[in-house]
Amino acid sequence: MNRTQIIQNILDRNNGEKYLEIGVKDGLNFLSIKVHNYGIKIGVDPQFQISKKNIILKSLINKYNLNAQYYETTSDEFFNIKIRTKLFDCIFIDGWHSYEQSLNDVINSLDRISEKGVIVLHDCYPPTSEYNKPEL
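For the sequence shown, the positions run -10 to 125 when this note's numbering is used.
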C-alpha cells in the first residue's frame, strides 16, 4: 500500500471532508486524493512544481481538485494564516525533512486536526546531515 492509498483509506473510513498536505512538490499525491462531499483540499509548498496545465488536466480526471486551494508558502507561515477551515480530517506531512521542521509541523498540526482526524508523516528521517540545514 502506498502513501496515497493510505491517506485515501483514512479519508474514506472517516468520511473525511478536509485534507491538508504539507510538501506538495509536483502534486503526484495531492492531485490523486478525493475528499468526501466535495470538501476542502489544501496544498502547502514553498515552491510548487505543478504546472497549471497539469492541475487542469488532473481536475478533469479527479473532480475533487476543482475546489483545491494552493498556498505557496512555508508550513510555518501557513499555520499562521487565518483560514476558514480550522480543523482537518487528515493532514499529510511531507515537507522539509529535518527533525526540527518535522516536529514543528506535527506540533502545528495538532492544533488543526479534527477529533477524528489523523496525521500521516512521510520520510521525516533525513537521509543525510545536509537535510538538517535550513533551505535558503
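For each residue, glycine too, the CB sits at the ideal point set by N, CA and C.
Measuring only the C-alpha atoms, how far is Ile108 from Lys47? Here residue 108 corresponds to residue number 119 of the sequence shown, with the count starting at 1. Here residue 47 corresponds to residue number 58 of the sequence shown, with the count starting at 1. C-alpha separation (whole angstroms): 25 Å.
Return the CA-CA distance between Asn93 and Ile80, expressed in angstroms with no decimal places. The sequence position of residue 93 within the sequence shown is 104, counting from 1. The sequence position of residue 80 within the sequence shown is 91, counting from 1. Looking at the two C-alpha atoms, the distance is approximately 14 Å.
4 or more residues per run - each alpha helix (DSSP H) lying fully within the segment 30 to 105: 41 to 50, 64 to 69 and 88 to 99
State the Cα-Cα distance for the pair Leu17 and Gln38, rounded to the nearest angstrom. Mapped onto the sequence shown, residue 17 falls at position 28. Mapped onto the sequence shown, residue 38 falls at position 49. One C-alpha to the other measures close to 10 Å.
What three-state label does DSSP hand Tyr20 in the structure shown? Against the sequence shown, residue 20 aligns to sequence position 31. Per the sequence presented here, residue 20 reads as Leu, with Tyr not at that position. Correct three-state label for Leu20: helix.
Chain-order list of residues whose beta-carbon lies under 6 Å from that of Gln58 (same chain, five-residue window excluded): Within the sequence shown, residue 58 is the residue found at index 69, counting from 1. Around Gln58: Ile31.
How long is the line joining the alpha carbons of Asp112 and Asp83, rounded to whole angstroms? Numbered from 1 along the sequence shown, position 123 holds the residue referred to as residue 112. Numbered from 1 along the sequence shown, position 94 holds the residue referred to as residue 83. Roughly 7 Å between the two C-alpha positions.
In angstroms, rounded to a whole number, what distance separates the CA positions of Leu55 and Asn(-2)? On the sequence shown, residue 55 is found 66 positions in, with the first residue counted as 1. On the sequence shown, residue -2 is found 9 positions in, with the first residue counted as 1. Approximately 21 Å, taken between the alpha carbons.
Boundaries of the alpha helix (DSSP H) in which Asn(-2) is found, first to last residue: Locating residue -2 in the sequence shown gives position 9, counting from the first residue. It spans Arg(-8) to Arg2 - the alpha helix (DSSP H) in which Asn(-2) sits, taken as one unbroken run.
Look at Leu0 and His25 and say whether their C-beta atoms are less than 9 Å apart. Your numbering for residue 0 matches position 11 in the sequence shown. Your numbering for residue 25 matches position 36 in the sequence shown. The answer is yes: Cβ separation under 9 Å.
Skipping 5 residues on each side, what residues in its chain have a beta carbon closer than 6 Å to that of Thr63? Position 74 of the sequence shown, counted from the first residue, corresponds to residue 63. Hits under 6 Å: Pro35.
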